[in-house]
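*Asks:* Numbering (the working numbering), first residue to last: 1 to 220.
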Amino acid sequence: MILDVQEVNKTFDQPGSGRLQVLTGVGFSIDRRETAAIVGQSGSGKTTLLSLIAGLDHPDSGRIILDNRDLAGMNQDGLSRYRARKIGIIFQQFHLMPHLTARENISLPLEIHNSDRIAERTDAMLEQVGLADRRHHLPGQLSGGECQRVAIARALVIKPSLLLADEPTGNLDTETGEVVANLLFDLVEKDEKSMVLVTHNPELAARCHRVCRLDKGRLT
Ligand SMILES: Nc1ncnc2c1ncn2[C@@H]1O[C@H](COP(=O)(O)OP(=O)(O)OP(=O)(O)O)[C@@H](O)[C@H]1O
Ligand SMILES: [Mg+2]
């Protein structure tokens, strides 16, 4: 098992009106090489759940165990390092560094980790996402689909145990979305990655081994 989410509750302070219960007793687990889609209406808590799994925020109660380690047991520094080593994240809005080229965006996680063979691994990733000829372009000089391919490469270059993707095709037109989805699933299958994929798109969800539905903060 790569990820075990147990009885997670999460509330947020509502500006002016008490607390909002966003996740209620959410539990599920994912095996190695397994992919799971999380679907649910807008506001059902999907992004919140991903950010808890990523260790970017903490649950009020419950446990999140990533690769046999309870995230709650780690201090901020340890958690950041663990996350950076274990998790690749792809966002709907790409979140690329605007002043870095495609190649520099992809190599950044490797630089942060002081990895070896940075140039070689970055170039291999650029090839895999079909952007070798766009390596020196800035995000502003790339199309949406190309930006998302850079983001996929950046998430996978560290060889994470778990890939988290939040609406990775949500900002792309249908055709480009399909190209990006195909690439994502090809790479996930080839590298035998585990993935949690949040999406509104039923076709995309159906490509995962399992589909979990969030309904008003409860998993059904
Ligand atoms: N930091 C926050 N403070 C207060 N409320 C928040 C915060 N983050 C999220 N919420 C609320 O929690 C609920 C769930 O938000 P979340 O972003 O997880 O939904 P979602 O399922 O990802 O929706 P979408 O499909 O629109 O992306 C929403 O009602 C939102 O307003
Ligand atoms: Mg969301």
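Note that CB positions come from ideal geometry on N, CA and C, so glycine has one too.
Which first and last residues belong to the beta strand (DSSP E) in which Ser194 is found?
*Replies:* As a working note, residue 194 is residue 194 in the sequence shown. Unbroken beta strand (DSSP E) run through Ser194: Ser194 to Val198.
*Asks:* Threshold first: 4 residues or longer. Then list the alpha helix (DSSP H) segments lying entirely within the stretch 18 to 85, N to C.
*Replies:* 46 to 53
*Asks:* Between the Cα of His99 and those of Gly140, Leu156, Cys212 and Asp123, spot the shortest distance and give me the residue it belongs to.
*Replies:* Here residue 99 is taken as the residue at index 99 of the sequence shown, counted from 1. That would be Gly140, whose Cα lies nearest to the Cα of His99.
*Asks:* Just to confirm the assignment, what range does the alpha helix (DSSP H) spanning Gln128 have?
*Replies:* Taking the first residue of the sequence shown as position 1, residue 128 is located at position 128. Here the alpha helix (DSSP H) through Gln128 covers Ile118 to Gln128.
*Asks:* Compute every distance between the C-beta of Lys159 and the non-hydrogen atoms of ligand 2, then say whether any falls below 6 Å.
*Replies:* Numbered from its first residue, the sequence shown carries residue 159 at position 159. In this structure, Lys159 has its CB at a distance of at least 6 Å from all heavy atoms of ligand 2.
*Asks:* Using a threshold of 6 Å, is the CB atom of Lys190 nearer than that to any non-hydrogen atom of ligand 2?
*Replies:* By one-based count along the sequence shown, residue 190 stands at place 190. The answer is no for Lys190.
*Asks:* Which one of Ile118, Arg121, Met97 and Glu175 has the shortest CA to CA distance from Leu142?
*Replies:* The sequence position of residue 142 within the sequence shown is 142, counting from 1. Closest by alpha carbon: Met97.
*Asks:* Among the residues of its own chain, which have a CB less than 7 Å from the CB of Phe185, if the five just before and after it don't count?
*Replies:* Taking the sequence shown and counting its residues from 1, one reaches residue 185 at position 185. Hits under 7 Å: Arg207.
*Asks:* Kindly examine ligand 1 and report whether one of its heavy atoms sits closer than 6 Å to the Cβ of Gly55.
*Replies:* Indexing the sequence shown from 1 puts residue 55 at position 55. No, since every heavy atom of ligand 1 falls outside the 6 Å radius drawn around the Cβ of Gly55.
*Asks:* On the DSSP letters alone, give me the boundaries of the beta strand (DSSP E) that Gly88 sits inside.
*Replies:* Within the sequence shown, the letter at position 88 stands for residue 88. Start and end: Ile87 to Ile90.
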